[in-house]
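In order, the protein sequence lines correspond to chains A and B. Under full-length UniProt numbering, think of the first position of the first sequence as 1, with each following residue one higher. Under full-length UniProt numbering, think of the first position of the second sequence as 1, with each following residue one higher. Some notes on the structure that comes next.
Number of protein chains: 2
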Amino acid sequence: MSQSLDRALALLDELADGPKNLDQLAVRVGVHKSTVLRLLRTLEARRFVQRADARHYRLGPSLFDLAFRALDERDVRRAVEPAARELNAATGHTVHLASYEDGEVIYIDKYESRHNVRMYSRIGRRAPLHCTAVAKVLLAALPDEERRRIAEGLDYHRFTAATITGAPAFLTELATVRSRGFAVDDTEHEDFIHCLAAPVRGARGEVLAALSLSVPVVLLDRDGLLALVPALRAAADRASAECGYQNGNQDGCQDKETQ
Amino acid sequence: MSQSLDRALALLDELADGPKNLDQLAVRVGVHKSTVLRLLRTLEARRFVQRADARHYRLGPSLFDLAFRALDERDVRRAVEPAARELNAATGHTVHLASYEDGEVIYIDKYESRHNVRMYSRIGRRAPLHCTAVAKVLLAALPDEERRRIAEGLDYHRFTAATITGAPAFLTELATVRSRGFAVDDTEHEDFIHCLAAPVRGARGEVLAALSLSVPVVLLDRDGLLALVPALRAAADRASAECGYQNGNQDGCQDKETQ
DNA sequence: GCTCCTATTGCGTCATATGCAACGGCTATT
DNA sequence: AATAGCCGTTGCATATGACGCAATAGGAGC
Numbered sequence: 001m002s003q004s005l006d007r008a009l010a011l012l013d014e015l016a017d018g019p020k021n022l023d024q025l026a027v028r029v030g031v032h033k034s035t036v037l038r039l040l041r042t043l044e045a046r047r048f049v050q051r052a053d054a055r056h057y058r059l060g061p062s063l064f065d066l067a068f069r070a071l072d073e074r075d076v077r078r079a080v081e082p083a084a085r086e087l088n089a090a091t092g093h094t095v096h097l098a099s100y101e102d103g104e105v106i107y108i109d110k111y112e113s114r115h116n117v118r119m120y121s122r123i124g125r126r127a128p129l130h131c132t133a134v135a136k137v138l139l140a141a142l143p144d145e146e147r148r149r150i151a152e153g154l155d156y157h158r159f160t161a162a163t164i165t166g167a168p169a170f171l172t173e174l175a176t177v178r179s180r181g182f183a184v185d186d187t188e189h190e191d192f193i194h195c196l197a198a199p200v201r202g203a204r205g206e207v208l209a210a211l212s213l214s215v216p217v218v219l220l221d222r223d224g225l226l227a228l229v230p231a232l233r234a235a236a237d238r239a240s241a242e243c244g245y246q247n248g249n250q251d252g253c254q255d256k257e258t259q
Numbered sequence: 001m002s003q004s005l006d007r008a009l010a011l012l013d014e015l016a017d018g019p020k021n022l023d024q025l026a027v028r029v030g031v032h033k034s035t036v037l038r039l040l041r042t043l044e045a046r047r048f049v050q051r052a053d054a055r056h057y058r059l060g061p062s063l064f065d066l067a068f069r070a071l072d073e074r075d076v077r078r079a080v081e082p083a084a085r086e087l088n089a090a091t092g093h094t095v096h097l098a099s100y101e102d103g104e105v106i107y108i109d110k111y112e113s114r115h116n117v118r119m120y121s122r123i124g125r126r127a128p129l130h131c132t133a134v135a136k137v138l139l140a141a142l143p144d145e146e147r148r149r150i151a152e153g154l155d156y157h158r159f160t161a162a163t164i165t166g167a168p169a170f171l172t173e174l175a176t177v178r179s180r181g182f183a184v185d186d187t188e189h190e191d192f193i194h195c196l197a198a199p200v201r202g203a204r205g206e207v208l209a210a211l212s213l214s215v216p217v218v219l220l221d222r223d224g225l226l227a228l229v230p231a232l233r234a235a236a237d238r239a240s241a242e243c244g245y246q247n248g249n250q251d252g253c254q255d256k257e258t259q
């Protein structure tokens with residue numbers, strides 16, 4: 001709708017993977033150099049970009065400030081923090097918090113593993129829907145027809161030998177997740193990582209977010225991973241309580257309504 | 001320079017502290033509702049904002065993605081991470097990493113305290129220059145005339161009884177920091193917090209960033225804080241090594257050239 | 001069922017964002 | 001040291017596209 005704004009946002013995107021100069025930017029977004037310069041000047045005035053050196057621009061501190069302020073605003077994130085931190089401390093593994101928004105699953109928090117083998121992920125990143133534990137938990141909570149619609153619209157890119165590659169199999173998996181109350185990603189996204197995820201619920205029992213543990217297979221085999229389920233669920237339940245979820249029923253089968 | 005872009009950035013700023021509707025935004029940035037709508041639509045198309053509900057907008061995932069990608073790009077941050085994490089684990093206190101850019105000191109990383117009493121800070125935030133340990137370390141490393149110029153331009157807002165409130169006293173403090181090799185914020189910013197900071201140096205000995213520990217006074221008195229100096233310096237030195245700093249001379253008096 | 005509030009759209013106007021081309025500072029090159 | 005080439009920067013003329021206004025539509029609340 002707004003041309004100049006759109007171009008400016010494209011510039012920010014370009015700058016996200018490293019400093020660039022005027023010409024590079026002009027080519028990448030397809031506008032004249034001078035236009036780029038003027039847009040950058042406005043962005044610079046508001047500290048969204050800054051000059052790395054005389055001829056290179058990079059993203060500026062306003063962006064960080066904004067992003068973290070906004071993340072702080074997200075109530076779930078704040079509410080889940082203590083439980084997630086404790087889970088991270090207790091297990092030593094990577095903990096993620098992800099939420100579902102507009103057909104996407106986004107990581108909204110991350111607590112790094114103590115170990116050297118780390119998972120590659122980042123706050124703000126989108127998780128693939130068909131092969132991550134967090135996405136399974138979040139999709140499993142959607143109303144039937146929406147879940148089906150989404151499942152049938154996915155492309156099921158095969159990341160590893162274990163990746164689920166079809167809507168029917170995926171819908172079956174989601175049903176399992178829904179009835180069991182937690183999800184497993186058994187090296188379906190990356191060869192060397194497997195994950196668990198469990199839902200964080202709000203006052204009306206609706207699923208607000210998914211809390212997950214990601215563990216390199218070299219550290220823990222499948223049984224070792226599954227042995228972490230109680231710890232994960234305890235953390236997710238504590239987080240749910242923090243978010244106003246009342247019902248303490250944890251009989252292994254939380255298949256109640258999910259709005 | 002670019003009006004619409006400038007307004008859009010103002011909108012983002014407004015949205016950083018919570019979802020707002022059209023009218024609120026229109027009033028705050030001083031433009032017509034319909035203009036706000038059109039700008040938001042562009043921002044929404046690029047996922048910089050999203051609708052929280054029918055009549056409220058909030059910041060979107062692109063922003064988070066961008067911010068974290070940009071942070072990852074910052075080499076210092078990545079290089080310092082292991083040392084900072086270890087320092088955080090060893091002491092249990094809040095660890096900050098800050099850098100100096102264009103007359104400002106910005107937090108570029110943070111590791112939370114294990115304790116309940118926490119410091120209020122955030123990645124992306126600006127640190128006040130005259131009353132934080134990180135700023136002292138970073139300013140102390142600047143060339144003489146620039147340091148003097150900055151010191152004389154500050155407003156020395158008095159946050160606490162201990163805040164340094166004049167350029168001469170501040171310059172003396174910086175000289176001490178420079179020769180001693182670390183800085184102390186003795187409840188100069190907040191009554192209940194005191195901090196230590198030490199420089200992280202690059203290949204040519206230049207100061208790249210400041211690493212700091214923030215501790216509530218209820219947990220540790222002044223001597224207790226100072227007892228952490230060796231741990232902090234060890235971490236800063238490890239981080240410096242990671243950044244290419246060669247000179248292992250740690251005789252308590254790193255007053256070498258600082259570019 | 002009615003009212004009020006807020007989002008949305010069509011439209012006419014003109015501010016403003018744009019591309020172009022020329023300038024100028026800097027670096028690198030021989 | 002002189003020159004060539006690169007890249008950032010500026011002035012200008014143009015028309016695009018962003019703007020405010022006012023009318024419409026769509027809900028929510030009473």
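C-beta atoms are modelled at their ideal positions from N, C-alpha and C, and glycine is treated no differently.
Query: Among the candidates S99/B, R114/B, I106/B, whose CA atom is the shortest distance from the CA of L219/B?; Result: R114/B
Query: Look at the Cβ atom of A235/A, then the Cβ atom of L211/A, and state whether they are nearer than 8 Å.; Result: yes
Query: Within the same chain, show all residues whose beta-carbon is closer than 7 Å to that of N88/A, passing over the 5 residues directly before and after it, in chain order.; Result: V95, Y111
Query: What span of residues does the alpha helix (DSSP H) with P168/A cover, start to end?; Result: 167-180
Query: Could you name the residues that DSSP lists as bridge partners for V80/A?; Result: In DSSP, V80/A forms no bridge with anything.
Query: Just checking my contact of I108/B with R149/B at CB under 8 Å: how many whole Å lie between their CB atoms?; Result: About 24 Å separates the two Cβ atoms, so there is no contact after all.
Query: On the DSSP bridge list, what partners appear for H56/B?; Result: D53/B
Query: Let's see if you can read the secondary structure: which residues bound the alpha helix (DSSP H) around I164/B?; Result: Per DSSP, I164/B belongs to no alpha helix (DSSP H) and is neither H nor E.
Query: What in chain B is Cβ-close to residue 272/A, meaning under 9 Å?; Result: Residue 272/A lies beyond the range of chain A shown here (1 to 259); nothing can be said about it.
Query: Which residue from F170/B, D144/B, A90/B puts its Cα closest to that of P128/B?; Result: F170/B
Query: Run through the segment 104-152 of chain B for me and flag every whole alpha helix (DSSP H) of 4 or more residues, listed as ranges in chain order.; Result: 133-140
Query: Please list, in chain order, all residues of the same chain as R55/A whose beta carbon is under 6 Å from its beta carbon, the five residues on each side excluded.; Result: N21
Query: Of all Cβ atoms in chain B, is any one closer than 8 Å to the Cβ of Q259/A?; Result: In this prediction, Q259/A has a pLDDT of 34, which is less than 50 and means its spatial position is unreliable; what the coordinates show is noted afterwards. No, Q259/A lies away from the interface with chain B (no Cβ there is under 8 Å from its Cβ).
Query: For the pair the segment 67-87 of chain B and the segment 34-53 of chain B, tell me if three or more CB-CB distances fall below 8 Å.; Result: no
Query: Among G181/B, F192/B, E242/B, H189/B, whose alpha-carbon lies nearest the alpha-carbon of P230/B?; Result: G181/B
Query: Going by the beta-carbon positions, is the gap between L213/B and L232/B smaller than 8 Å?; Result: yes
Query: Closest Cβ-Cβ distance between D185/B and chain A: below 8 Å?; Result: no
Query: Quick check on this structure: which residue in H93/B, E206/B, P168/B has the alpha carbon closest to the alpha carbon of P216/B?; Result: H93/B
Query: So which residues on chain A does T42/B lean against when the C-beta distance must stay under 7 Å?; Result: M1, S2, L5, D6
Query: Throw me the rounded Cβ distance for the I164/A and H130/A pair, which I believe falls under 8 Å.; Result: 6 Å
Query: Closest to residue 261/B by CA distance: which of T91/B, L40/B, L9/B, Y120/B is it?; Result: Residue numbering for chain B in the displayed model covers 1 to 259; residue 261/B lies beyond these limits and cannot be assessed.
Query: Can you check whether the CB of A84/B is closer than 8 Å to the CB of A239/B?; Result: yes
Query: Using a Cβ-Cβ cut-off of 8 Å, state whether A169/B counts as contacting chain A.; Result: no
Query: Going along chain A, which residues have a C-beta under 9 Å from E101/B?; Result: Q50, G60, P61
Query: Apart from the five residues just before and just after L228/A, which ones in its own chain have a Cβ nearer than 7 Å to its Cβ?; Result: T91, L196, L213
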